[in-house]
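S.K.:
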Amino acid sequence: MNIENAQVQMRKGILEFCILHIISRGEVYASDMLDELTSARMMVVEGTLYPLLTRLKNSGWLEYKWVESSSGPPRKYYVLTEEGKVFMEAMETTWFDLADSVSYVIKRTEEIRSKGVQPS
1 MNIENAQVQM RKGILEFCIL HIISRGEVYA SDMLDELTSA RMMVVEGTLY PLLTRLKNSG
61 WLEYKWVESS SGPPRKYYVL TEEGKVFMEA METTWFDLAD SVSYVIKRTE EIRSKGVQPS
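Quick note: the sequence shown, position 106, residue 106 per UniProt numbering, numbers continuous.
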């Protein structure tokens, strides 16, 4: 596996969590999600986002409503359901636990390397 594939796999693993967080702020349009994810340097395209939104909706974690637009067709705005909020909070706990664990491992590796000992 090359580095690009590894990076894609890591991003896919946290994309759902990021999307739920964005939606948790209130009604949000899909293109606004794409803009924020792009600004955050998460490489996401519509072909990835829309199937994920459909899966999250089918899981009962979000819902949407159509809003008329003065500049074109109606827009679909997403919101979290109560079940989605609970799920996102559980994912957040998991995220912080994982971040702490990864930070610990990296810090230990740096400590061992700084002593001139090769980790086994």
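Think of the CB as a built atom: it goes at the ideal place given N, C-alpha and C, for glycine as much as any other residue.
Measure the CB-CB distance between Glu46 and Tyr77 and report whether it falls below 8 angstroms.
M.R.: Cβ atoms of Glu46 and Tyr77: not closer than 8 angstroms.
S.K.: Determine the closest residue to residue 122 out of Thr93, Thr81, Leu49 and Asp35, with distance taken between C-alpha atoms.
M.R.: Residue 122 is absent from the model: the chain starts at 1 and stops at 120.
S.K.: From which residue to which residue does the alpha helix (DSSP H) around Gly72 run?
M.R.: Where Gly72 is concerned, there is no enclosing alpha helix (DSSP H), although the beta strand (DSSP E) it sits in stretches over Gly72 to Leu80.
S.K.: Beta carbon of Leu80, beta carbon of Met88: below 8 angstroms?
M.R.: Taking 8 angstroms as the Cβ cut-off, Leu80 and Met88 qualify as a contacting pair.
S.K.: Quick check on Lys65: does DSSP put it in helix, strand or coil?
M.R.: Strand, per DSSP.
S.K.: Is the number of C-beta pairs between the region 33-45 and the region 60-68 that are closer than 8 angstroms three or more?
M.R.: Taking 8 angstroms as the limit for Cβ pairs, the verdict is that the region 60-68 does not touch the region 33-45.
S.K.: Can you tell me the Cβ-Cβ gap for Trp61 and Leu20, rounded? I've got them flagged as a contact below 8 angstroms.
M.R.: Right, their Cβ atoms sit about 7 angstroms apart.
S.K.: Just to confirm before moving on: does the CB-CB distance between Cys18 and Met42 stay below 8 angstroms?
M.R.: Result yes, Cβ atoms of Cys18 and Met42 sit closer than 8 angstroms.
S.K.: Exposed or buried, what is Ile3 when buried is set at 16 or more other beta-carbons lying within 10 Å of its beta-carbon?
M.R.: Exposed is the call here.
S.K.: Counting only runs of 4+ residues fully inside the region 12-66, write out the alpha helix (DSSP H) ranges in chain order.
M.R.: The region 12-66 contains these whole alpha helix (DSSP H) runs: 30-39 and 46-58.
S.K.: DSSP state of Lys115, grouped into three classes?
M.R.: Three-state DSSP puts Lys115 in coil, outside helix and strand.
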